[in-house]
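Asker: In our numbering, the protein residues as written are 585 to 739.
#1: Check for me: the beta strand (DSSP E) holding residue 736 runs from which residue to which?
#2: Whole beta strand (DSSP E) runs in the segment 653 to 715 with 3 or more residues, listed along the chain?
#3: For residue 629, name the three-state secondary structure that DSSP assigns.
#4: In its own chain, which residues sit with a C-beta less than 7 Å from the C-beta of residue 698, not counting the 5 before and 5 after it?
#5: Suppose only complete runs of 4+ residues qualify. What are the alpha helix (DSSP H) ranges in the segment 592 to 632, listed by chain order?
#6: Give the single residue among 666, 727 and 623 whose Cα lies nearest to the Cα of residue 684.
#7: Quick check: the segment 701 to 711 against the segment 649 to 665, are there 3 or more CB pairs under 8 Å?
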């Protein structure tokens, strides 16, 4: 279902972008990097968070770690990862395939500046076996994302 919602999203908003499907799982940064032949840092991981009574998505480079203090300062509350049982219910995507495209219902999307180090990034596309290759700016544009600085890049 969620792979189809992502395909529908791109068919409507960016028909020039192909959804890639791999026979290999891409459920983690390391697996996705292997499946799509890119360095792990280029994997654009989507974090599903609850801050107070709001649910937000933060898309960050694969080698970046969320900085709780930065998130709290920016969003005014302590961030908490959504529970495994909540993720699919809220986003429409299973864990390992969460992305800012084709969401079950609109959610605020934020792109971390860690993505700007790359010309092309590879976010999931709604399932543990799908992804897209896209520029960070185009991803932000298509999802109406705001750029934020809430992660620390790991060496």
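Even glycine gets a Cβ: it sits at the ideal position worked out from N, Cα and C.
Answerer: A quick look at the data gives this:
#1: Numbered from 1 along the chain shown, position 152 holds the residue referred to as residue 736. In the DSSP assignment, residue 736 falls within the beta strand (DSSP E) that extends over 735 to 737.
#2: Runs found: 663 to 665 and 693 to 696.
#3: For this step, residue 629 is matched to residue 45 along the chain shown. The three-state reading of DSSP puts residue 629 in strand, counting E and B together.
#4: Counted from its first residue, the chain shown places residue 698 at position 114. For residue 698, where only same-chain residues beyond five positions count, the Cβ hits under 7 Å are 644, 645, 648, 735 and 737.
#5: Those alpha helix (DSSP H) runs which fall completely within the segment 592 to 632 and span 4+ residues are 613 to 620.
#6: As a first step, residue 684 is located in the chain shown; it is residue number 100 there, counting from the start. Ranking 666, 727 and 623 by Cα distance to residue 684 puts 727 first.
#7: With fewer than three CB-CB distances shorter than 8 Å, the segment 701 to 711 does not count as touching the segment 649 to 665.
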